[in-house]
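Enquirer: Line order of the protein sequences matches chains E and G. Under this note's numbering, the first residue of the first sequence carries the number 1, and numbering increases by one thereafter. Under this note's numbering, the first residue of the second sequence carries the number 445, and numbering increases by one thereafter. Below is a structure I'd like to ask you about.
Number of protein chains: 2
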Amino acid sequence: MADTVTDSATESFKMPRLDTRDEDFGPLLEVLLDWEGVSDAEVQKRVSQIIEDVRTRGDAALVELTRRFDRVEADSVEALTLSPERLEQAFDSLPDAQREALAHAAQRIRSYHRHQKPESWQYREADGTLLGQQITALDRAGIYVPGGKAAYPSSVLMNAIPAHVAGVREIVMVVPTPDGVLNDLVLAAAHVAGVDHVFTIGGAQAIAALAYGTESVPRVDKIVGPGNIYVATAKRAVFGQVGIDMIAGPSEILVVSDGGTDPDWLAMDLFSQAEHDEDAQAILVGWDAAHLDAVEAAIERLLPTLERAPIVRASLRSRGALIRCRDRDEALALVNRIAPEHLELSVADPESWLHEVRHAGAIFMGRYTAEALGDYCAGPNHVLPTSGTARFSSPLGVYDFQKRSSIIHCSAKGAATLGRTASVLARGEALTAHARSAENRIDD
Amino acid sequence: MADTVTDSATESFKMPRLDTRDEDFGPLLEVLLDWEGVSDAEVQKRVSQIIEDVRTRGDAALVELTRRFDRVEADSVEALTLSPERLEQAFDSLPDAQREALAHAAQRIRSYHRHQKPESWQYREADGTLLGQQITALDRAGIYVPGGKAAYPSSVLMNAIPAHVAGVREIVMVVPTPDGVLNDLVLAAAHVAGVDHVFTIGGAQAIAALAYGTESVPRVDKIVGPGNIYVATAKRAVFGQVGIDMIAGPSEILVVSDGGTDPDWLAMDLFSQAEHDEDAQAILVGWDAAHLDAVEAAIERLLPTLERAPIVRASLRSRGALIRCRDRDEALALVNRIAPEHLELSVADPESWLHEVRHAGAIFMGRYTAEALGDYCAGPNHVLPTSGTARFSSPLGVYDFQKRSSIIHCSAKGAATLGRTASVLARGEALTAHARSAENRIDD
C-alpha cells in the first residue's frame, strides 16, 4: 500500500538532532519552540477597511469584494448562497468509499462529542435558597472554511459537529470559491455535519459579514475555523463583538518513543505532521540511542518517497528534531515543558504515563494510535491548542458553543442572612447603594 | 438602617423613559445599549514599551516603573513582595464583623464553585479502543487586583477562589499600592482565598511580569481580573502568550418587574448598579405603567440620599432607562435581545421564566434576590460577561482554570478500522503522508 512517488529534489537530508545532555540544550530547545505570529500593520489596515466597508454597505460590499478577491461574478449575495439541496447533491455525487468514510467519521465525531455535553444543575440550601447553573446553546454559530488549495472536509466536520451537538439553532458556513471552483467533498461534509446555510464568500469580508450581519448574511454569536492571515486578523478585530476560537499557530506533534515502535511507522507519523506546511513542527523524543539512529535512517530513506517531500524537508529542517533524553522522567518533563498540540505516547504502557501528562491538546496512546486517526475519524476534535497554549486551552468542543448562566433564587430567610454579610462587605468597599439594596431584604 | 446623607447637588433628576410602542423604540434601544471600548493608539504604544521593558530588563524595570507610576520606593522586587504571614496578619487585624463576613462569603463562593468541577471521563468501544477527556488544572494563575481608590476585596475572592477550587498549583496576585498604601481588606481576602504570593505591583508592568516572568515574579499560564485601560490593553497584548479572561465593559443590570415589588427596593437595586461608575447601565422593564411611575418617583426621591449620588445621576442620565413594554413576552424578548450581565427577575413566578431566558450572565430570581447579594456572597461568581457578550460567554468559573486533553488509545483492531476511513479522507485532501501513517496500522 506504500506510495512510491519519487522526490524530484536529489539533495540528501539530515534530520536535526538534540541531546538533553548537551550544555546548550535549554537555549537550543527555546529557539526550536519559539514561534510568534507576526501582525503586519499593512494587513491590519486593509482588514479594518474591509470590515468597515461590509459594516456600512452590507451585501453590496460583499459582492464587490468577492468579485475582486475571488474573481467570482455575482450580482447579489443570493447568487453566493448554496441551498441545502446543493449540499445533499454533493454528498450523493461522491464515490461510495468517500461517502462512507465521511459518514463514518461524522458518526464517530458526533458520538464522542455527545459525551462532552454538560447538564444544567441546581441545589437548594436549608433555608430554601436555590443556586445553580443553566446551560444554553448559542443562537447562531459561524464556521469559516478555507477554500482554494487547502480545502479540508475534515475541518468542516470538526468545526460544525460540536456546534450541532451543542444545540446551536443555526449554523452558518462561509467558504470562498476562488474562480468559482466548488469542492464537493467540503459541501458533502457540510451536509453530513448539519450546516444550515452556506455562503461562498471568504477572507476578512466573510468574517465581517458574520460578525455584524448584512441584509442576507445573518449575524452570528461566535466564529470558529481556520483561515489565512487576513481571516485571523479579522477574527482578532471582531473579538468582543462576537466570540472567536483560538487563533491557531502552526500544527505540531511530539512523539515519545520507548524504542519498541517500528522506526518506519514513527518516520511516517512525523511526516504526516510536517507535510502540513513549512512551519509545522515534528519532534520525537526518546532515550534509546540506537532506536533514534534507526528513526533518523528511516526518515532519510522514506522522505524522498513523499508527494509533499519539499514541504516536509523544509519543515523538518527548520522546526523538526530528534531529541535524545536520559530517561522516561526526562521525557515527561519535556512533554510538560513543550505542552504539545499532539502528543503521541508510542510506548508499551501509555496508561502509566497519563496522570503525569499535565499539558497536551490530544494524547495518542500506544503504538497503534497514529495521530492521523485522530485528525479524521477517531472521534475527538482535531482543532487543538498550538504553540504551548495547551498550558491553558482545550480542544474545540461542545462547550465552545454553549454558555452558562448563574442562577440565584433567595428565600426570604436566605436573603436576610446573605444581606447581613453583603452589607458589611459593601460598606467595606464604600458601595453604600449596594449595602442598602441588600439591607432592604433584611426582615428586621 | 437607611442612609440619610444628602446629595450636595440640588438639581432635580428625571429618569429616562422608553416605550416599546414608540415608533423609534428600536433605534433608541440600539443607542442606549451601544458600547464600544476605544483603543487609543497612544495607550497602545506606551503599553508596548512597558511590556518590552519588563521582558528585557525584568526585576529592574519593575522596580523602576513602580517607583514612577505608584511612587513606591523599593530597591528590589523582594521589597514589593508580601509574605503569607503578612496576609494572615491583615485578616487577624480586621474587626470581627468584617472577618466573619469575609469568611462567610468565601465559604459560600467555594461551596458553589465546587459544583462546577468537571470529571475526567473515558469510554471503551467494542473493539477495545479507548476514548476520553482528561481534565487538568493550570500550573499557575495570575490575579490582577486594582489598587488605589477602587480596591475590592470581593473581587479577590471571586477571582482567586475558582482557581483554588480548580486545583491550580500556584496563585500569584498582583495589586498596586499607590503611595505605598495597603488595603487590609484586600490582603485579608487574599489570605482567605488561598493566594500563594502577592506582589505590590500594578499596571501594564504587572501584566508583563506575569505573562513573561522576571527573576522574582513567576510566569503564569493565565491572567484574570479587572483593571484600568492600561491593564486591559496589556492583557489583550499578551493574549496568546498566556490565557486571559474576557475584557470587561461597564457593568449593567436589567431588572424585569411585574409590578409586585416595592418601588423603593427596585430604585435601590438600580442605584447599586449605577453607583459603580458613570458608564454603568441600569435598566428596568415592565408592563405596568402605574408601577413604572412609582419606580420613577422612588428614584427621584431616593437619589439625593446616596453617598455616590453624582455618579449615579450621571450613569442613569446617560445610560439608564425605565422601559414600558406590552407584556411578559415582550419583556422576555428584550431580555434575550439585551443579553444582560445581571438579570433581576423581580416577578411572582421566576421559575416559569427560566427556560425562556437564553442569554444572561447571572439570573437573580424573585423579589428577595437583590443583585448585591450575588456581588458578595450568594456563591456564584460576580465576574460576568458584559455588553451583550452573554450571547456567547459565561461567568468566570472553575472551568477557566482548567483545560481538557483528548485521549485516544486504539486497539490493533480499532486502528485497522479507523485507518481505512482515515486513509480515504486523507487522500481526498491530498495529504498522503497522513494516509500512509494511518495505513501502516492496517493489519492486512
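By construction, the Cβ of each residue, glycine as well, lies at the ideal position given by its N, Cα and C atoms.
Using the Cα positions of G:HIS608 and G:SER564, report the straight-line distance between them to the nearest angstrom.
Expert: Position 164 of the second sequence, counted from the first residue, corresponds to residue 608 of chain G. Position 120 of the second sequence, counted from the first residue, corresponds to residue 564 of chain G. G:HIS608 and G:SER564: Cα-Cα distance of roughly 18 Å.
Enquirer: Between the C-alpha atoms of E:PRO27 and E:LEU80, what's the straight-line distance to the nearest angstrom?
Expert: In the first sequence, counting from the first residue as 1, residue 27 of chain E sits at position 27. In the first sequence, counting from the first residue as 1, residue 80 of chain E sits at position 80. Cα to Cα, the separation comes out at about 51 Å.
Enquirer: Looking at the secondary structure, which residues open and close the beta strand (DSSP E) in which G:TRP615 lies?
Expert: By one-based count along the second sequence, residue 615 of chain G stands at place 171. Correcting the residue type first, residue 615 of chain G is Ile in the shown sequence and not Trp. Per DSSP, G:ILE615 belongs to the beta strand (DSSP E) from 614-618.
Enquirer: At the 9 Å Cβ level, is G:MET459 part of the contact set with chain E, yes or no?
Expert: Residue mapping note: residue 459 of chain G aligns to position 15 of the second sequence, counting from 1. No, G:MET459 does not count as interfacial toward chain E.
Enquirer: Any idea what DSSP makes of G:ASP583, helix, strand or coil?
Expert: Counting from 1 along the second sequence, the entry for residue 583 of chain G is found at position 139. If DSSP states are grouped into helix, strand and coil, G:ASP583 belongs with coil.
Enquirer: Going along the chain, which residues of its own chain have a beta-carbon closer than 7 Å to the beta-carbon of E:PRO95, five neighbours each way excluded?
Expert: Sequence index remark: in the first sequence, residue 95 of chain E carries index 95 (1-based). Cβ neighbours of E:PRO95 beyond the five flanking positions: none.
Enquirer: Quick check: the stretch 713-726 of chain G against the stretch 751-759 of chain G, are at least 3 beta-carbon pairs closer than 8 Å?
Expert: Because the criterion of three Cβ pairs below 8 Å is met, the stretch 751-759 of chain G and the stretch 713-726 of chain G touch.
Enquirer: If you measure between the beta carbons of E:GLN205 and E:ALA74, is that distance less than 9 Å?
Expert: Taking the first sequence and counting its residues from 1, one reaches residue 205 of chain E at position 205. Taking the first sequence and counting its residues from 1, one reaches residue 74 of chain E at position 74. No. Outside cutoff.
Enquirer: Can you list the residues of chain G that E:GLN49 reaches, using a CB-CB cut of under 8 Å?
Expert: Numbered from its first residue, the first sequence carries residue 49 of chain E at position 49. The contacting residues do not exist; E:GLN49 stays about 17 Å from chain G at best.
Enquirer: Taking C-beta pairs closer than 9 Å, name the residues in chain G that E:ALA101 reaches, listed in chain order.
Expert: Stepping through the first sequence from its first residue, residue 101 of chain E is reached at position 101. Within 9 Å Cβ-Cβ: ARG864, THR865, ALA866, SER867, VAL868, LEU869, GLY872.
Enquirer: By alpha-carbon positions, which one of G:LEU698, G:GLY591, G:ARG745, G:GLY841 ends up nearest to G:HIS803?
Expert: Sequence index remark: in the second sequence, residue 803 of chain G carries index 359 (1-based). If we check each option's Cα against that of G:HIS803, G:LEU698 comes out closest.
Enquirer: Using the C-alpha atoms, what's the distance from E:ASP329 back to E:ASP258?
Expert: For this step, residue 258 of chain E is matched to residue 258 along the first sequence. For this step, residue 329 of chain E is matched to residue 329 along the first sequence. Distance between the alpha carbons of E:ASP258 and E:ASP329: 12 Å.
Enquirer: Would you check if there are 3 or more beta carbon pairs closer than 8 Å linking the stretch 799-817 of chain G to the stretch 858-865 of chain G?
Expert: No, because fewer than three Cβ pairs between the stretch 799-817 of chain G and the stretch 858-865 of chain G fall closer than 8 Å, the two stretches do not touch.
Enquirer: Confirm, please, whether the CB-CB distance from G:ILE587 to G:VAL625 is below 9 Å.
Expert: Looking up residue 625 of chain G in the second sequence gives position 181. Looking up residue 587 of chain G in the second sequence gives position 143. Result no, Cβ atoms of G:VAL625 and G:ILE587 do not sit closer than 9 Å.
Enquirer: Based on the DSSP secondary-structure assignment, which residues constitute the bridge partners of E:GLU252?
Expert: On the first sequence, residue 252 of chain E is found 252 positions in, with the first residue counted as 1. Its beta-bridge partners are E:GLN281.
Enquirer: Take G:GLN560 and list the residues in its own chain whose beta-carbon comes closer than 7 Å to its own, dropping the five residues that flank it on each side.
Expert: Against the second sequence, residue 560 of chain G aligns to sequence position 116. The residues are GLY841, VAL842, TYR843.
Enquirer: Since I believe E:ILE323 is in contact with E:ILE283 (beta carbons under 8 Å), could you give me their beta-carbon distance rounded to a whole number of angstroms?
Expert: As a working note, residue 283 of chain E is residue 283 in the first sequence. As a working note, residue 323 of chain E is residue 323 in the first sequence. About 6 Å; that satisfies the 8 Å criterion.
Enquirer: The beta strand (DSSP E) spanning G:LEU462 covers which residue range?
Expert: Position 18 of the second sequence, counted from the start, is the residue given in the question as residue 462 of chain G. That run of the beta strand (DSSP E) goes 461-463.
Enquirer: Of all the residues that make up the stretch 395-409 of chain E, which are near chain G by a beta-carbon distance shorter than 8 Å?
Expert: Listed by position along the chain: PRO395, GLY397, TYR399, LYS403, ARG404, SER405, SER406, ILE407, ILE408, HIS409.
Enquirer: Consider the Cβ of G:THR450: report whether some Cβ of chain E lies at a distance smaller than 9 Å.
Expert: Translated into positions along the second sequence, residue 450 of chain G becomes position 6. Only weak support exists for where G:THR450 lies, its pLDDT of 46 falling under 50; the coordinates are left without a value.
Enquirer: For E:ASP7 and G:ALA870, what's the separation of their Cα atoms in angstroms?
Expert: Along the first sequence, read from residue 1 onward, the residue named residue 7 of chain E stands at position 7. Along the second sequence, read from residue 1 onward, the residue named residue 870 of chain G stands at position 426. Bear in mind that the predicted position of E:ASP7 carries a pLDDT of just 44, short of 50, making it too unreliable to give a figure here.
Enquirer: Under 9 Å between C-beta atoms, does E:ALA376 make it to chain G?
Expert: Here residue 376 of chain E corresponds to residue number 376 of the first sequence, with the count starting at 1. In the sequence as displayed, the identity of residue 376 of chain E is Tyr instead of Ala. Yes, because at least one Cβ of chain G sits closer than 9 Å to the Cβ of E:TYR376.
Enquirer: What does G:HIS826 pair with, by DSSP beta-bridge criteria?
Expert: Here residue 826 of chain G refers to the residue found at position 382 when the second sequence is read from its first residue. DSSP, once it has assigned bridges, lists no residue as partnering G:HIS826.
Enquirer: Any residues in the stretch 743-765 of chain G with a beta carbon nearer than 8 Å to a beta carbon of chain E? Which ones, in chain order?
Expert: Taking 8 Å as the Cβ-Cβ cut-off against chain E, the residues of the stretch 743-765 of chain G that qualify are LEU750, GLU751, ARG752, VAL756.
Enquirer: Under 8 Å by Cβ, that's how I've got G:ILE494 and G:LEU509 pegged, so tell me the actual separation to the nearest angstrom.
Expert: In the second sequence, residue 494 of chain G corresponds to position 50, counting from 1. In the second sequence, residue 509 of chain G corresponds to position 65, counting from 1. The Cβ separation is near 7 Å, so the contact holds.
Enquirer: Give, in chain order, every residue of the stretch 158-170 of chain E whose Cβ lies closer than 9 Å to some Cβ of chain G.
Expert: Flagged: no residues at all.
Enquirer: In this structure, how does DSSP classify E:ILE247 when only helix, strand and coil are distinguished?
Expert: As a working mapping, residue 247 of chain E is identified with position 247 in the first sequence. Of the three classes helix, strand and coil, the one that applies to E:ILE247 here is coil, per DSSP.
Enquirer: Considering just the uninterrupted stretch of the beta strand (DSSP E) at E:ALA415, what are its terminal residues?
Expert: Counting from 1 along the first sequence, the entry for residue 415 of chain E is found at position 415. Here E:ALA415 belongs to no beta strand (DSSP E); instead the alpha helix (DSSP H) covers 412-428.
Enquirer: Near E:ILE247, which residues of its chain fall below 6 Å by C-beta distance, leaving aside the five closest residues on each side in sequence?
Expert: Stepping through the first sequence from its first residue, residue 247 of chain E is reached at position 247. Taken in chain order, the residues that qualify are ALA232.
Enquirer: Check whether the stretch 632-649 of chain G touches the stretch 526-533 of chain G, taking contact to mean three or more Cβ pairs, one atom from each stretch, closer than 8 Å.
Expert: Yes, the stretch 632-649 of chain G touches the stretch 526-533 of chain G.
Enquirer: Check the Cβ of G:HIS548 against every Cβ in chain E and list those closer than 7 Å, keeping chain order.
Expert: Taking the first residue of the second sequence as 1, we reach residue 548 of chain G at position 104. Within 7 Å Cβ-Cβ: THR421.
Enquirer: For E:GLU371 and chain G, any beta-carbon pair shorter than 9 Å?
Expert: Walking along the first sequence from the start, residue 371 of chain E turns up at place 371. Yes, its Cβ sits closer than 9 Å to a Cβ of chain G.
Enquirer: Tell me where the alpha helix (DSSP H) around E:HIS434 begins and ends.
Expert: Within the first sequence, the letter at position 434 stands for residue 434 of chain E. E:HIS434 -> alpha helix (DSSP H) spans 432-439.
Enquirer: So with Cβ pairs under 9 Å, would you call G:ASN884 a contact of chain E?
Expert: Taking the second sequence and counting its residues from 1, the one referred to as residue 884 of chain G is at position 440. Chain E, which has a Cβ nearer than 9 Å to the Cβ of G:ASN884, makes this yes.
Enquirer: Strictly under 9 Å for the Cβ-Cβ distance: is G:GLY502 near chain E by that measure?
Expert: For the purposes of this step, residue 502 of chain G is identified with residue 58 of the second sequence, where counting begins at 1. It does not: the Cβ of G:GLY502 has no partner Cβ on chain E nearer than 9 Å.
Enquirer: Give the straight-line distance between the Cα atoms of G:PRO794 and E:ARG67, rounded to the nearest whole angstrom.
Expert: Here residue 794 of chain G corresponds to residue number 350 of the second sequence, with the count starting at 1. Here residue 67 of chain E corresponds to residue number 67 of the first sequence, with the count starting at 1. Cα-Cα distance, rounded: 52 Å.
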